[in-house]
DNA sequence: TGACTCTATGTCGGATATGACATACATTGA
DNA sequence: TCAATGTATGTCATATCCGACATAGAGTCA
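Residue numbers (the numbering used here), protein chains in the order written: chain A, 16 to 117; chain B, 16 to 117.
Shown next, in the form of structure tokens:
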């Protein structure tokens with residue numbers, strides 16, 4: 016089983032629990048994952064508040080529905096860059112991002 | 016002149032000024048750049064506080080001195096992911112990251 | 001039922017970021 | 001002066017991420 020696949024499956028597990036143990040992640044790896052998952056969650060929440068479908072958000076971002084779905088699912092192939100860009104595109108400011116991590 | 020080169024040169028310009036105007040960036044693009052540059056700055060500050068050379072930090076990150084230099088220089092080829100991972104590796108917590116953006 | 005909308009997931013070729021290397025420059029100290 | 005140390009910058013092959021596409025599943029409405 017390759018690493019990519021494993022990480023994807025492990026990501027599933029993260030849905031319940033709080034993304035730190037039952038995987039042998041170092042504290043900083045865990046924090047990194049936690050940040051990404053938090054932003055994933057916030058992205059979905061923000062999109063729903065604005066009553067946008069994934070398809071509509073995808074257009075706004077010049078991306079695709081499938082990538083938006085992956086972003087919201089916390090797929091490991093989604094970068095922090097893309098998450099942050101997306102939140103900014105939805106109107107979040109730097110300060111709002113800061114609050115999301117607090 | 017290709018886009019990659021242009022962005023690199025523009026990054027130089029960011030050293031003075033505050034990364035928003037004199038480049039025709041949309042507000043969210045500007046915010047994105049601003050976030051990256053802020054983290055770049057913080058990375059360098061944190062490294063120096065710990066009295067580490069770029070080479071030493073590179074070893075810690077399993078990266079290379081040149082990449083650390085690029086991170087600190089705000090080179091556009093450096094991702095937010097790498098910046099965040101690096102700060103976490105230097106001991107910054109999610110909350111500290113939050114404060115850095117505030 | 002079936003059409004429609006929204007979301008999830010797998011895959012793929014092309015785009016971008018990566019570590020590594022070479023090399024130049026700056027500073028320090030002997 | 002020279003060597004040592006630290007930093008900057010360009011390049012490259014490879015790894016990783018990207019948008020796009022196909023397709024499946026769930027929910028809604030007539």
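The beta carbon of each residue, even a glycine, is placed where N, CA and C say it ideally should be. All values reported here derive from a predicted model rather than from experimental measurement.
Residues in its own chain within less than 6 Å of residue 43/A by CB, not counting five upstream and five downstream? Counting only Cβ-Cβ distances below 6 Å, and skipping sequence neighbours, we find nothing.
Looking only at C-alpha atoms, which of 40/B, 46/B, 62/B and 45/B sits nearest to residue 104/B? In this structure, 62/B is the residue among 40/B, 46/B, 62/B and 45/B with its C-alpha nearest to the C-alpha of residue 104/B.
Taking 8 Å as the CB-CB cut-off, is residue 113/B touching chain A? Interface residue, yes.
Who are the Cβ neighbours of residue 98/B in its own chain at under 7 Å, not counting the five residues just before and after it? If you ignore the 5 residues before and after residue 98/B, its C-beta comes within less than 7 Å of the C-beta of 51, 54, 55, 58 and 86, all in its own chain and listed in chain order.
Is residue 93/B helix, strand or coil when you go by DSSP? In the three-state reduction of the DSSP assignment, residue 93/B falls in the coil class, being assigned neither a helical nor a strand state.
Counted within 10 angstroms of its Cβ, other Cβ atoms place residue 106/A as buried (16 or more) or exposed: Classification for residue 106/A: exposed.
Is there at least one Cβ from chain A nearer than 8 Å to residue 46/B's Cβ? So, interface residue.
Compare the C-alpha of residue 64/A against each of 41/A, 102/A and 78/A and name the closest. The shortest C-alpha separation from residue 64/A is found at 102/A.
Taking residue 88/A as the reference, give the member of 41/A, 40/A and 48/A with the closest Cα. Minimum Cα distance to residue 88/A is reached at 48/A.
Does any CB atom of chain B fall closer than 8 Å to the CB of residue 94/A? For residue 94/A, the answer is yes, since a Cβ of chain B falls inside 8 Å of its Cβ.
Suppose contacts are defined by Cβ-Cβ distances below 8 Å. Is residue 108/B in contact with residue 46/A by that definition? Cβ atoms of residue 108/B and residue 46/A: closer than 8 Å.
Against chain B, does residue 43/A count as a neighbour if the rule is that its beta carbon must be under 8 Å from one of theirs? At least one chain B Cβ lies under 8 Å of residue 43/A.
According to the neighbour-count rule (16 or more other Cβ atoms, all chains shown, within 10 Å of its Cβ), is residue 100/B buried or exposed? The residue in question, residue 100/B, is buried, as its Cβ has 16 or more Cβ neighbours within 10 Å.
Enumerate, from N- to C-terminal direction, the unbroken alpha helix (DSSP H) stretches of 4 or more residues contained entirely within the stretch 33-83 of chain A. Runs of the alpha helix (DSSP H) inside the stretch 33-83 of chain A: 42-64 and 69-76.
Residues in the stretch 80-94 of chain B with C-beta within 8 Å of chain A's C-beta atoms, listed in sequence order? Of all residues in the stretch 80-94 of chain B, only 94 place a beta-carbon less than 8 Å from a beta-carbon of chain A.
Starting from the beta carbon of residue 116/A, find every residue of chain B whose beta carbon is closer than 8 Å, and list them in chain order. Neighbours of residue 116/A on chain B, chain order: 109, 110, 112, 113 and 116.
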